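I have placed the structure first, in the form of structure tokens, so that the comments after it can refer back to it.
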Amino acid sequence: MLLADVAATSTALAATRSRLAKRALLVDLLRRTAPDEVPVVARYLGGELRQRRTGLGWRSLTTLPEPAAEPSLEVVAVDAAFERMAELSGPGSTTARQSLAAELFGAATADEQRLLRGLVTGELRQGALDALLLDAVAEAAGVPAEAVRRAAMLAGSTEPVAAAALGASSPDDALAALGAFTLTVGRPVRPMLAASAPDVAAAVAGFEGRTVVVDAKLDGIRVQVHRDGDDVRVHTRSLDDITARVPELVEVVRALPVRAAVLDGEALALDASGRPRPFQETSARSATRDAELAAEVALSPFFFDVLHVDGRDLMGAPLLERLAVLDEVAAGHVVERVVTDDAAVAQEAFARWVGQGQEGVIVKDAAAPYEAGRRGSAWVKVKPRHTLDLVVLAVERGSGRRAGMLSNIHLGARDGSGGFVMLGKTFKGMTDEMLAWQTERFRELEVDDDGWTVTLRPEQVVEIAFDGLQRSSRYPGGLALRFARVLRYRDDKPASEADTIDTVRSLATPTS
DNA sequence: TTCCGACAGTGGGGTCGCAAT
DNA sequence: ATTGCGACCCCACTATCGGAA
């Protein structure tokens, strides 16, 4: 199959908003794909390259050769070209990679270049990614969507599932092939995710009086640990294998009284008193490959779920049943929890844990199974929310569906002497109506425009919600907001009454 | 007919390692 | 030695479609 066929489908996908129409386009292409091409075509339709890392990014695609007039690239050859780029390392590799990229893009038509660029940067923007692709695979293979979805969650990836389903000779064969994907110790599954709620009362109310499990939410990195005898593997939320970087987690899991297990939890750095260190320290620790550095700060694991123990698959069991098993096999390394149907009890736990430096809580349906890969309503997270009234210092042009709008705003606090200290940016929380309003409003306040960023007279006050403060080397105050989002513009408040940097500093905890 | 679950999109903060400068 | 890039940790939120209620 030619890459041009995939590019044409991608362009057609972007041109319609109907999901049914998108699915039909995907099905049509999948049916025309030869079995040996399915792994590549399925990945590309899902918006990804098969190579996890190529060393190519947005920046290295700024200057590209003129597109070819006629299509010639075969999808399998394109995959091979990216494989060669991925294998490069050491001195001269950047130049060599750049020349391979130029060769590839030079052989691509304009439509194909757009597809390749989207795959490299991860911003295909065709309105269809993995989830819609799974539906299409199901339809093309003549099997229920749920069977394909389930297999993909257990496989941790869509590619082998698409190959198995589409390589079958009949729907019954496809169903049998999909059934062969089961939870396997050593092979990570897509982690279950949580929705969010504004406060504990709302989260508990969502379960309508049923018993809930309220877990402390720890501010670390998600880890899925597989143990098979002495063999222990540690995976992140994106299923990357970080075993080599976290020997202390491996040791803890090896010491558990169990032969085989799959555990889900969070790993983080603690101080001498057992209080969580700032997320930045956990992040630095888990990212480094330097063993000496790693030895200085240990990560501690805290598990909140168990999917498998000694041949017993627990994913379908109710949460309370899984937790009973977890408490036996991982005693001493389990996340704190309360089980209740009373919102006041949940609220009290939330306040206590936040006071101890934890990030918040996750409220869970006590009867729910482990739904791999789902951001369902069975788990709901709640975190404390801080707010500040800040001043908009500048605004950046939007892209994609925000093209033509002024979107991403720069936020500043008063410095107490007539100036402002920038604390970060945000594009979150804006409705279409707000985007239209601010695009007009900020043109009135414009003092400069470099083509990307519009600098403003600092007059517009905006109420910002955020999760906390972190140390920053980027911003002049040495502080940045974490997860800032817009709540509302405040036309009732002049910039002279916005919050000051001293107020912001008083919110920062001594350790961060 | 209305409601709501699931998706995709739009980018934010930070960290590290590596190659080029 | 410093800088820029790519990769990957943590994410919040809105608009939309289409099936569920």
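Residues in the first sequence are numbered from 3 upward in steps of one, following my numbering. Idealized CB from N, CA, C, for every residue including glycine. Remember, it's a predicted structure, so these values are computed and weren't measured experimentally.
Determine the burial state of residue i: buried for a count of at least 16 other Cβ atoms within 10 Å of its Cβ, exposed for fewer.
{"i": "Arg34", "result": "exposed"}
{"i": "Ala293", "result": "exposed"}
{"i": "Trp454", "result": "exposed"}
{"i": "Val214", "result": "buried"}
{"i": "Glu85", "result": "exposed"}
{"i": "Gly222", "result": "buried"}
{"i": "Leu126", "result": "buried"}
{"i": "Pro193", "result": "buried"}
{"i": "Ser171", "result": "exposed"}
{"i": "Glu50", "result": "buried"}
{"i": "Leu31", "result": "buried"}
{"i": "Ser508", "result": "exposed"}
{"i": "Trp60", "result": "exposed"}
{"i": "Val202", "result": "buried"}
{"i": "Thr433", "result": "exposed"}
{"i": "Ala218", "result": "buried"}
{"i": "Thr505", "result": "exposed"}
{"i": "Gln360", "result": "buried"}
{"i": "Asp501", "result": "buried"}
{"i": "Lys24", "result": "buried"}
{"i": "Lys427", "result": "buried"}
Considering only C-alpha positions, which residue in the set the options is nearest to residue i?
{"i": "Met436", "options": "Asp343, Asp230, Tyr491", "result": "Tyr491"}
{"i": "Val260", "options": "Leu185, Asp292, Asp312, Val236", "result": "Asp312"}
{"i": "Arg45", "options": "Ser20, Thr111, Pro93, Ala138", "result": "Ala138"}
{"i": "Pro173", "options": "Val29, Pro146, Thr186", "result": "Pro146"}
{"i": "Glu105", "options": "Arg443, Ala333, Pro69, Val42", "result": "Pro69"}
{"i": "Asp343", "options": "Arg212, Arg54, Ala36, Pro303", "result": "Arg212"}
{"i": "Gly158", "options": "Ala26, Ala374, Ala482, Asp452", "result": "Ala374"}
{"i": "Leu177", "options": "Gly144, Ala269, Leu195", "result": "Gly144"}
{"i": "Ala269", "options": "Ala170, Gln226, Asp451, Arg487", "result": "Gln226"}
{"i": "Leu413", "options": "Trp381, Lys383, Ala467, Val449", "result": "Ala467"}
{"i": "Leu322", "options": "Glu114, Lys366, Val8, Leu241", "result": "Lys366"}
{"i": "Ala380", "options": "Gly334, Glu39, Val216", "result": "Val216"}
{"i": "Ile244", "options": "Asp494, Arg224, Gly378", "result": "Arg224"}
{"i": "Leu390", "options": "Phe304, Arg487, Arg445", "result": "Arg487"}
{"i": "Leu4", "options": "Ala405, Val206, Val308, Glu114", "result": "Glu114"}
{"i": "Val308", "options": "Gly479, Ala262, Pro37, Asp273", "result": "Ala262"}
{"i": "Gly1", "options": "Glu338, Arg445, Val236, Ala142", "result": "Past the edges of the chain, shown from 3 to 514, lies residue 1, and the structure says nothing about it."}
{"i": "Leu27", "options": "Ala83, Pro478, Ala9, Gly480", "result": "Ala9"}
{"i": "Val336", "options": "Ile503, Phe304, Ala142, Ala112", "result": "Phe304"}
{"i": "Ala88", "options": "Leu272, Gly267, Val255, Thr56", "result": "Thr56"}
{"i": "Pro67", "options": "Phe352, Arg473, Arg119, Ala133", "result": "Arg119"}
{"i": "Thr97", "options": "Glu148, Ala71, Leu63", "result": "Leu63"}
{"i": "Leu447", "options": "Ala497, Arg484, Leu471", "result": "Ala497"}
{"i": "Leu316", "options": "Val264, Glu283, Ala353, Gly357", "result": "Val264"}
Please report the residue range of the alpha helix (DSSP H) in which residue i lies.
{"i": "Leu301", "result": "Per DSSP, Leu301 belongs to no alpha helix (DSSP H); it is in the beta strand (DSSP E), 301-311."}
{"i": "Tyr46", "result": "40-47"}
{"i": "Asp137", "result": "132-143"}
{"i": "Val336", "result": "First-last for Val336: undefined, no H or E at that position."}
{"i": "Leu425", "result": "Careful: Leu425 lies outside any alpha helix (DSSP H), inside the beta strand (DSSP E) at 422-428."}
{"i": "Glu398", "result": "Here Glu398 belongs to no alpha helix (DSSP H); instead the beta strand (DSSP E) covers 388-399."}
{"i": "Val347", "result": "345-357"}
{"i": "Arg116", "result": "112-123"}
{"i": "Gly181", "result": "173-181"}
{"i": "Arg21", "result": "21-33"}
{"i": "Thr13", "result": "5-17"}
{"i": "Thr455", "result": "Premise fails: Thr455 lies in the beta strand (DSSP E), 455-458, not in any alpha helix (DSSP H)."}
{"i": "Arg490", "result": "Arg490 -> not in any alpha helix (DSSP H); beta strand (DSSP E) instead, spanning 487-492."}
Between which two residues does the beta strand (DSSP E) holding residue i run?
{"i": "Gly101", "result": "Correcting the residue type first, residue 101 is Ser in the shown sequence and not Gly. Looking at the DSSP string, Ser101 is not in any beta strand (DSSP E); the run it does join, the alpha helix (DSSP H), is 95-108."}
{"i": "Trp381", "result": "381-384"}
{"i": "His229", "result": "The amino acid at residue 229 is misidentified as His; the sequence shows Arg. It spans 223-230 - the beta strand (DSSP E) in which Arg229 sits, taken as one unbroken run."}
{"i": "Phe528", "result": "With the chain running from 3 to 514 in the structure shown, residue 528 is simply not present."}
{"i": "Ser409", "result": "408-416"}
{"i": "Gly431", "result": "Careful: Gly431 lies outside any beta strand (DSSP E) and carries neither H nor E."}
{"i": "Ala482", "result": "481-484"}
{"i": "Glu448", "result": "448-451"}
{"i": "Gly362", "result": "362-367"}
{"i": "Asp217", "result": "214-219"}
Can you tell me whether residue i sits near the ligand MN, meaning its C-beta is under 7 Å from at least one heavy atom of the ligand?
{"i": "Ala380", "result": "The ligand MN is not part of the structure shown, which contains no ligands of any sort."}
Any 3 or more C-beta pairs closer than 8 Å across the segment 243-251 and the segment 370-384:
no
Ordered list of beta strand (DSSP E) runs contained in the segment 236-276, each at least 3 residues
262-271
Using a Cβ distance threshold of 8 Å, determine whether the segment 393-405 contacts the segment 181-200, with at least three qualifying pairs required.
The way I'd put it, the segment 393-405 doesn't touch the segment 181-200; fewer than three beta-carbon pairs between them come closer than 8 Å.
Does the count of Cβ pairs from the segment 70-79 and the segment 152-169 closer than 8 Å reach three?
no
May I ask you to verify whether the segment 285-300 touches the segment 325-343, counting CB pairs closer than 8 Å and requiring at least 3?
no
Any chance the segment 231-242 sits against the segment 409-428, with 3 or more Cβ pairs inside 8 Å?
Verdict: no, contact absent.
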